[in-house]
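Visitor: Here's a structure for you.
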Amino acid sequence: MRYLLVGLVAAIAISACGSSDPKGLAQPTLAPVATTTSLATTTAPPPTESPGSSTTSAASTTSAPPTTVAPEPVGALEDLQLESFEAASGFAQPVLLVSPPADERWFVVDQSGVIWVSSGSDPAVFLDINADVLFEGEQGLLGLAFHPDFVGNDLFYVYYIASNGQTVVESFRGMGDAADPESRTEILRIDQPAGNHNGGMITFGPDGNLWIGMGDGGGANDQFGHGQRSDSLLASMLRIAVGPDIDGYEIPAGNIADEVWAIGLRNPWRFTFDGDDLWIADVGQNKIEEVDVVDWTAGNPNFGWPIMEGTECFQTSGCDQAGLVLPVYEYTHGDGCSITGGVVYRGSAMPELSGQFLFADYCTGWLRSVGEDGQVWDWFPAGTFSGATGFGVDAAGEPFVLTSNGSVFGLKAAE
Ligand SMILES: [Ca+2]
Numbered sequence: 006m007r008y009l010l011v012g013l014v015a016a017i018a019i020s021a022c023g024s025s026d027p028k029g030l031a032q033p034t035l036a037p038v039a040t041t042t043s044l045a046t047t048t049a050p051p052p053t054e055s056p057g058s059s060t061t062s063a064a065s066t067t068s069a070p071p072t073t074v075a076p077e078p079v080g081a082l083e084d085l086q087l088e089s090f091e092a093a094s095g096f097a098q099p100v101l102l103v104s105p106p107a108d109e110r111w112f113v114v115d116q117s118g119v120i121w122v123s124s125g126s127d128p129a130v131f132l133d134i135n136a137d138v139l140f141e142g143e144q145g146l147l148g149l150a151f152h153p154d155f156v157g158n159d160l161f162y163v164y165y166i167a168s169n170g171q172t173v174v175e176s177f178r179g180m181g182d183a184a185d186p187e188s189r190t191e192i193l194r195i196d197q198p199a200g201n202h203n204g205g206m207i208t209f210g211p212d213g214n215l216w217i218g219m220g221d222g223g224g225a226n227d228q229f230g231h232g233q234r235s236d237s238l239l240a241s242m243l244r245i246a247v248g249p250d251i252d253g254y255e256i257p258a259g260n261i262a263d264e265v266w267a268i269g270l271r272n273p274w275r276f277t278f279d280g281d282d283l284w285i286a287d288v289g290q291n292k293i294e295e296v297d298v299v300d301w302t303a304g305n306p307n308f309g310w311p312i313m314e315g316t317e318c319f320q321t322s323g324c325d326q327a328g329l330v331l332p333v334y335e336y337t338h339g340d341g342c343s344i345t346g347g348v349v350y351r352g353s354a355m356p357e358l359s360g361q362f363l364f365a366d367y368c369t370g371w372l373r374s375v376g377e378d379g380q381v382w383d384w385f386p387a388g389t390f391s392g393a394t395g396f397g398v399d400a401a402g403e404p405f406v407l408t409s410n411g412s413v414f415g416l417k418a419a420e
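Following my numbering, the numbering of the sequence shown begins with 6 at its first residue and continues without gaps.
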């Protein structure tokens, strides 16, 4: 078969290849704007709605509410074509791009343990904790979140896998274009029973709390049994209150138990907020990759793993699906192997794209989007973003895709 990775355990969007030989501090470069190139091997085909073809939309039968009001016409999504351009290259393994609130700079999280900052020139080292990070396979520096008042307090947070295999969340303070290593403060530490399924996305929600996406601890088939436990920090969305006036962290009201806000996640390889919506790309086992969207203000969802993989019962046939959130969109292996999310477009350059959640498949390299209605749009064909490891948006809300070959690609409307 074409997809050799089918059947391998859960490769999230990180290749093991090359991890044992980190390029460390090789200097990334910013691509000159004048020579941007389209990554698409051919011009991106017109986006096509593809429910009912080889992909499966679960929306008609699951959680997406029926829409009764037509959206405001801002230009038809059908008429939009995207192209990509290489914005920067030369990273070891970029996995996330983040821009602080009201800050023109963008930051690239490199799995090797380095955060790079760019303000229009070649990226410079903002923080280097490579010596403390286990960079191997799915492990490494995986998350970065700027405090909502970063401009005022210089506080930012990182998520990484430490040399002993544990998840560590720490805060630092940034000083201009470089972080202060002496400001390091441990916030949270979590045991990891296996090297894979580390989650690793952290971001501040609209509620001002720090949200942390945790995988099920790894191995396969939720073998450690964390999927449906609200007393485990694994397989969960965590939600904690942090900040300059808080020593360590506090538990905000509204969690299921302690730090746990939601359960039933297998390996949320990125999530993002869009107003009241929380979008999650959850990597599947051997069969189904899924996108979930919930109203985070409306309670504590159960995302189903391992009772279900996507819209299918996983542990038993005829499982009890009551109370489980089903994906707004899913695709099966054969159409890909491992989902990489994701950002919701809210920039101004492509208003047609507003509200679309962008995601890619790590193995095949296609890029799609889906809205709350469950309709999926194909933007770039297989082979375009092979090794897609992460997404991000700049201060203007324009999107980027990161790939395991060390590049950062911007997306824009085709001219
Ligand atoms: Ca699920």
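Ideal Cβ placement from N, Cα and C applies to all residues, glycine included.
Closest to V398 by C-alpha separation, out of E335, D279 and N410, would be which residue?
Guide: D279
Visitor: Which term fits Q228, buried or exposed, when burial requires 16 or more other beta carbons within 10 angstroms of its beta carbon?
Guide: Residue environment for Q228: exposed (fewer than 16 other C-beta atoms within 10 angstroms of its C-beta).
Visitor: Verify the contact flag: M313, CB atom, against every heavy atom of ligand 1, threshold strictly below 8 Å.
Guide: Correct: M313 has its Cβ closer than 8 Å to ligand 1.
Visitor: Suppose the cutoff is 6 Å on Cβ atoms and the five residues either side in sequence are ignored; what does the same chain contact list for S126 look like?
Guide: Taken in chain order, the list of residues that qualify is empty.
Visitor: Take E109 and list the residues in its own chain whose beta-carbon comes closer than 7 Å to its own, dropping the five residues that flank it on each side.
Guide: S124 and A400
Visitor: For P99, list the residues DSSP reports as bridge partners.
Guide: D115
Visitor: How many angstroms separate the CA atom of P211 from the CA atom of G148?
Guide: 18 Å
Visitor: CA-CA distance, V247 and Q171?
Guide: One C-alpha to the other measures close to 20 Å.
Visitor: Our contact map puts P273 next to G220 with C-beta atoms below 8 Å; I'd like the distance itself, whole angstroms only.
Guide: 7 Å
Visitor: Taking 9 Å as the cut-off, decide whether the C-beta atoms of A129 and A183 are in contact.
Guide: yes
Visitor: Return the first residue and the last residue of the beta strand (DSSP E) that F90 is part of.
Guide: L87 to S94
Visitor: From E357, F308 and V296, pick the residue whose C-alpha is nearest to that of Y336; which is it?
Guide: V296
Visitor: Return the residue from the list I120, L416 and V265 that minimises the CA-CA distance to Y162.
Guide: The shortest Cα separation from Y162 among I120, L416 and V265 belongs to I120.
Visitor: Can you say whether D281 is buried or exposed, counting buried as having 16 or more other CB atoms within 10 angstroms of its CB?
Guide: exposed
Visitor: What are the partner residues of E264, as DSSP defines its beta bridges?
Guide: Note: E264 sits in no beta bridge, so no partner.
Visitor: What does the alpha-carbon distance come out to for the pair T302 and Y367?
Guide: 31 Å
Visitor: Quick one: what does DSSP say E191 is sitting in, helix, strand or coil?
Guide: strand
Visitor: Going along the chain, which residues of its own chain have a beta-carbon closer than 7 Å to the beta-carbon of D196, five neighbours each way excluded?
Guide: Excluding five sequence positions before and after D196, the CB atoms of its chain that fall closer than 7 Å to its own CB belong to Q171, given in chain order.
Visitor: Between which residues of its own chain and F501 is the CB-CB distance below 8 Å, once the five residues before and five after are set aside?
Guide: Any question about residue 501 goes unanswered here, given that the chain covers just 6 to 420.
Visitor: Of the choices N305, V298 and G304, whose alpha-carbon is the least far from that of G315?
Guide: V298
Visitor: Straight-line CA distance for A327 to A167?
Guide: 38 Å
Visitor: As an exercise, report each continuous beta strand (DSSP E) stretch of at least 3 residues that is fully enclosed by the segment 271 to 330, in chain order.
Guide: 273 to 279, 282 to 287 and 293 to 300
Visitor: Considering only DSSP beta bridges, list what E141 is partnered with.
Guide: Q144
Visitor: Is the beta carbon of R244 within less than 8 Å of some heavy atom of ligand 1?
Guide: no
Visitor: Taking just the CA atoms, how far does V333 sit from F364?
Guide: 13 Å
Visitor: According to DSSP, Y367 sits in a beta bridge with which residue or residues?
Guide: Paired residue(s): none; Y367 is not in a bridge.
Visitor: Taking the straight line between their C-alpha atoms, what separation do you get for L35 and S391?
Guide: 20 Å
Visitor: Exposed or buried, S104, counting other C-beta atoms within 10 Å across all chains shown (16 or more means buried)?
Guide: Result: buried.
Visitor: Alpha carbon to alpha carbon, how far is L416 from E377?
Guide: 21 Å
Visitor: Could you please give the first and the last residue of the uninterrupted alpha helix (DSSP H) stretch that includes G157?
Guide: For G157, the uninterrupted alpha helix (DSSP H) run begins and ends at F155 to N158, by DSSP.
Visitor: What did DSSP end up calling A136 once you bin it into helix, strand or coil?
Guide: helix
Visitor: Under 8 Å by Cβ, that's how I've got A387 and T369 pegged, so tell me the actual separation to the nearest angstrom.
Guide: 4 Å
Visitor: Going by DSSP, which residues form a beta bridge with P404?
Guide: V398
Visitor: Along the chain, where does the beta strand (DSSP E) containing E4 start, and where does it finish?
Guide: Nothing about residue 4 can be reported from this structure: the residues present for the chain run from 6 to 420 only.
Visitor: Along the chain, where does the beta strand (DSSP E) that runs through Y350 open and close?
Guide: That residue, Y350, is in no beta strand (DSSP E); it is neither H nor E in DSSP.
Visitor: My output table needs one value for D108: the three-state DSSP class, helix, strand or coil.
Guide: coil
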